[in-house]
Amino acid sequence: MLLGATMLALAAVAADYERIELRSGTAVVGEVLKERADEIVVDLGSDVIVIPTADVVRRSSGDSPVKAMSVASHRYGDSGHLFATADLPPAPIKDLVKRFGEAVVVVKTPSGTGSGFFIDDDGHCVTNYHVVEKESRITVDIFQKSGQSFTEKSIGDVEIVALNPFFDLALIKVPTRKDIVFKHVFLGFSDELRPGEEVFVIGAPLGLSRTVTDGTISNVHRSFSGQVYLQTNAQINPGNSGGPLFNTRGQVIGVINMKVPLGEGLGFAIPVNYLKDFLRHREAFSFNKDQPNTGYRYLDPPRRRRFEKPASK
-12 MLLGATMLAL
-2 AAVAADYERI
8 ELRSGTAVVG
18 EVLKERADEI
28 VVDLGSDVIV
38 IPTADVVRRS
48 SGDSPVKAMS
58 VASHRYGDSG
68 HLFATADLPP
78 APIKDLVKRF
88 GEAVVVVKTP
98 SGTGSGFFID
108 DDGHCVTNYH
118 VVEKESRITV
128 DIFQKSGQSF
138 TEKSIGDVEI
148 VALNPFFDLA
158 LIKVPTRKDI
168 VFKHVFLGFS
178 DELRPGEEVF
188 VIGAPLGLSR
198 TVTDGTISNV
208 HRSFSGQVYL
218 QTNAQINPGN
228 SGGPLFNTRG
238 QVIGVINMKV
248 PLGEGLGFAI
258 PVNYLKDFLR
268 HREAFSFNKD
278 QPNTGYRYLD
288 PPRRRRFEKP
298 ASK
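The opening residue of the sequence shown carries number -12 in the working numbering; numbering runs sequentially from there.
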């Protein structure tokens, strides 16, 4: 009798799962937690997402959320998260670089260069706060495959959307163009990582774009200044800042942001869970051009040529 009741309960849980097909051609499978007039809240088991009802094409009963793909809304400024997650199969690094390499960009400012990566097909890009700190003129170089080679295209007038100095994260928006298709990455789950797992980095160390390095996760709980970082022995150099740290499924598990000077194999990345929180609450970190400390560089006034007491009138 107890076994029958248990099986009935399990069947009831399974019946709560729904398959939600989206306009983008993808689908999510999970438990619908709440419905509103303009959005649906869905529990995927490993994450909770909000889907605008305008993006829903069809709903039906589903079996399990384990293999589900979570695609959040790509419309800037709505309740979507601007990023996507997917349950991807393991693959050789060379295949993953071929698939996701075009999503990694070079971020340029008058004071230097860094890396970044697209999180949706509307041009939203993640990088480090220190890469765009106190800057207003930002250019992004992207690389699109053309036959057997890559074509480099530079896009200016990049907009700063949100900044978080504490987590060293920045969200920028690259203007869309008819001749450019933005390839984007999928975000993973950093709390599932274990030391010894293989990882790889794509970025622009010292300005050398599309550089790939690999290594392992050395530590998943390295603490600096009250924040936890992922430690990796994958080679990291200036210019890698803001670039993605991938696992062997091609999911982004961290954002590269620093290394130990004069140290080899001592690189660090911001866990992707911090990035997700930043993106979900980006309105709290919105950039305001009227505040002098949120992204613009102000020049110091000219120095006096002669240091003497001002003449009295």
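Ideal placement from N, C-alpha and C gives every residue a C-beta, glycine not left out. Fair warning: this is a prediction, and the values are worked out from it, not measured in the lab.
Taking contact to mean 3 or more Cβ pairs, one atom from each stretch, closer than 8 Å, check whether the segment 35 to 50 and the segment 180 to 200 are in contact.
Taking 8 Å as the limit for Cβ pairs, the verdict is that the segment 180 to 200 does not touch the segment 35 to 50.
Can you list, in chain order, the residues of its chain with a C-beta nearer than 6 Å to that of Ser129? Leave out the 5 residues immediately preceding and following it.
It should be pointed out that residue 129 corresponds to Ile in this sequence rather than to Ser. These residues qualify, in order along the chain: Val92 and Lys140.
Would you report the Cα separation of Leu75 and Leu31, rounded to the nearest angstrom?
For Leu75 and Leu31, the distance between alpha carbons rounds to 15 Å.
To the nearest angstrom, how far is the alpha carbon of Ser66 from that of Leu266?
Low confidence applies to Ser66: its pLDDT is 43, below 50, so where it sits in the model is not reliable, and the reading given next is rough at best. Cα to Cα, the separation comes out at about 11 Å.
Of all the options Phe233, Val161 and Val247, which has the alpha carbon lying nearest to the alpha carbon of Pro225?
Taking only the C-alpha atoms, the option nearest Pro225 is Val247.
Curious, which full-length beta strand (DSSP E) runs of at least 3 residues does the segment 180 to 225 contain?
185 to 190, 198 to 211 and 214 to 219, all fully within the segment 180 to 225.
Based on the DSSP secondary-structure assignment, which residues constitute the bridge partners of Tyr4?
Glu18.
In or out: Val145 buried (at least 16 other Cβ within 10 Å) or exposed?
Buried.
I need the straight-line Cα distance from Ile240 to Thr72, nearest angstrom please.
About 11 Å.
Is Tyr95 buried or exposed, if buried means 16 or more other CB atoms sit within 10 Å of its CB?
For the record, residue 95 in the displayed sequence is Lys; it is not Tyr. Buried, by the Cβ-count rule.
Taking Gln135 as the reference, which of Gly237, Lys85 and Phe176 has the closest Cα?
Nearest option by C-alpha distance: Lys85.
Assuming the contact rule is C-beta atoms closer than 8 Å, Ser102 and Gly229 should be a hit. Round their C-beta distance to whole Å, please.
Yes, they are in contact, since the Cβ atoms of Ser102 and Gly229 sit about 5 Å apart, within 8 Å.
What number of angstroms, rounded off, separates the C-alpha of Ile106 from the C-alpha of Arg290?
Each residue's alpha carbon lies about 44 Å from the other.
State the CB to CB distance for the pair Val37 and Leu174, rounded to an integer number of angstroms; the pair is presumed to be in contact (CB under 8 Å).
Contact flag wrong, Cβ pair sits at about 15 Å.
Could you give the first and the last residue of the continuous alpha helix (DSSP H) run that contains Val119?
Residues Tyr116 to Val119.
Buried or exposed for Asp166, please, with buried defined as at least 16 other CB atoms from any protein chain shown within 10 angstroms of its CB.
Looking at its Cβ environment, which holds fewer than 16 other Cβ atoms inside 10 Å, Asp166 is exposed.
Any idea what DSSP makes of Arg290, helix, strand or coil?
Three-state result, Arg290: coil.
When you compare only the Cα positions, how much space is there between Gln218 and Thr203?
Each residue's alpha carbon lies about 9 Å from the other.
Does the separation of the CB atoms of Asn234 and Tyr216 fall below 9 Å?
Their beta carbons are not under 9 Å apart, which means Asn234 does not touch Tyr216 by this criterion.
Looking at the secondary structure, which residues open and close the alpha helix (DSSP H) in which Asp82 lies?
Asp82 -> alpha helix (DSSP H) spans Ile80 to Phe87.
Note down, in chain order, each residue of its chain lying with its Cβ closer than 7 Å to the Cβ of Ser177, except the 5 sequence neighbours on either side.
Result list for Ser177: Leu217, Ile240, Gly241, Pro258, Val259 and Asn260, in chain order.
What are the boundary residues of the beta strand (DSSP E) that includes Phe105?
Residues Gly99 to Phe105.
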